[in-house]
Every structure is written in structure tokens, then in C-alpha cells.
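A.B. asks:
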Amino acid sequence: HVSDSYGIVSYSMPQGDLRGAGWEFFDSTYDGHWDGELRRGLGQLTDGKVGPDNFKMGYYDYERGQGWVGWRNDTRNGQPVEIKFEFDKVREFTSVHIYCNNQFTRDVQVFSEANILFSVGGKYFTGEPITYKYIEDRIFENSRNISIKLHHRIGRFVKLQLHFAAKWIMISEVTFDSVWTITNFSAEVCYNVQFNSPSPWRRRRHEAKE
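Under UniProt numbering, residues 1 to 210 are what the sequence shown spells out, in order.
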């Protein structure tokens, strides 16, 4: 099963956390494996619905599947929240849009930084990560789409690492702008790239000339 037209086959991530007495900011519609980590399924982050500005409304007044997935920083040992997306084919990516809550008076803020990594086979995420730093907004509490340019990077797997700016990160939807690539990437190779060594692509061209 593929999510809408964006080509997402599945995503994997930690399950959301509890907030207070019995508020579960879980991905409650997730259809993959549940065992602390959510693996190889789809759920709220790709259902086309975004949560309301007031996350409490999303919890009480909406269907359970329409609200927010939330993580708290004191359950993560200082680590960012990591979400790995798998796509139907190798794609060329132009941007990602992450719909975030920013109720800072309730300890929820947009992530401080996002690192985005790409992989053809899902095992090796090589190349420089794209790093996006968000300037915190402690004036407006409205939810917003954070759009990040992905500079035509190539992959069938994309990993997002979201760093905390406050106690909570809450997101409701993630979408990518991408197209299929013409090149057929059939195998994944891990290169031990050292400084001053030619890139795998340049090496291949060089060898072809010889």
C-alpha cells in the first residue's frame, strides 16, 4: 500500500509519548508493527489530515486519528526523534513539509533543527545530511508547515532527525515533493570514503576511461 500520490510505502519511528494522566499522543492509526518502535506501516503522519492549533482539541473533539503525534525530550536521552520513510522507487527530492505544533506556553515548540539523510537501499545513509535550523517563534502559537528544500537529493529512503527546542515536539503530517528518477539503482554499495579520495562517481568515470 502506498500513501496517496507521494510514493510513501511506509515509515518507521518511536511511538509517541504519554502526556499527563492518560493523554496518549500516539500514532493511533498506525498499521505496521507496534513494539515501542513503529515499523513498516502508515498512520497519522501520511493521512492527509492535520491537527488543530490547540492540541487538546485534537485529542478530545476530533476522531482519535486526526490529531497530533508527540514525543517528549526527557524520554529520549538527549537524542533527536528519528523518522525513516520508505518510498516506492528511487526518487529525486525537492522538498519536505512537516506540519508542527507550536503551543510554546504548553511546552510544545517546532523542532530546533532537522537533519535529513538519504539512502538508496535503506542500510547506508551516505553523503552530507541536509541541516535546517529553525528560528524559534515564541510569539505566535499557531501550527505551521515547515518546508525544507532537499536540493534534488536521490534516495528510496529518507531519514528525518528532529531536535527538541522545548519539552515536546508534536507533528501531524509529513509530505514530500519528489519525482521518480530515470536511472535504475539496483544495488547499494558502501564506500569507505576518505578525505581527498575521488568520489565513487568520479572513480567510476575514471576507470571507464582507462
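Glycine is no exception: its CB is placed at the ideal position from the N, C-alpha and C atoms.
All figures in this text were calculated on a predicted structure; none of them were measured in a lab.
#1: Once you ignore the five residues that flank residue 211 on each side, which residues in its own chain have a CB closer than 7 Å to its CB?
#2: Given this structure, state the Cα-to-Cα distance separating S172 from R72, to the nearest angstrom.
#3: Using a Cβ-Cβ cutoff of less than 6 Å, which residues in the same chain neighbour R39 once the five nearest sequence positions on both sides are dropped?
#4: Applying the criterion that 16 or more other CB atoms from any shown protein chain within 10 Å of the CB defines a buried residue, is R202 buried or exposed?
#5: Flag this pair as yes or no: are the beta carbons of D74 and N102 separated by less than 8 Å?
#6: CA-CA distance, G20 and I169?
#7: In angstroms, rounded to a whole number, what distance separates the CA positions of V108 and S28?
#8: In angstroms, rounded to a whole number, what distance separates the CA positions of T181 and W68?
#9: Give the single residue among H163, F176 and T175 whose Cα lies nearest to the Cα of N77.
#10: Taking C-beta to C-beta, are V96 and F157 nearer than 8 Å?
#11: For the beta strand (DSSP E) holding S28, just list the boundary residues, first then last.
C.D. replies: Let's see:
#1: The shown model of the chain, from 1 to 210, leaves out residue 211, and the question about it has no answer.
#2: If I take the Cα positions, the gap works out to 15 Å.
#3: Cβ within range, chain order: S12, G32 and H33.
#4: Confidence in R202 is poor, its pLDDT being 37 and thus under 50, which makes the residue's placement unreliable; the coordinate value appears in the next sentence. Within 10 angstroms of the beta-carbon of R202 lie fewer than 16 other beta-carbons, which makes it exposed.
#5: The Cβ atoms of D74 and N102 lie no closer than 8 Å to each other.
#6: So the two alpha carbons sit approximately 15 Å from each other.
#7: Distance between the alpha carbons of V108 and S28: 20 Å.
#8: Computed Cα separation, rounded: 33 Å.
#9: The shortest C-alpha separation from N77 is found at H163.
#10: Their beta carbons are not under 8 Å apart, which means V96 does not touch F157 by this criterion.
#11: Taken as a continuous stretch (DSSP letters only), S28 belongs to no beta strand (DSSP E), as it is neither H nor E.
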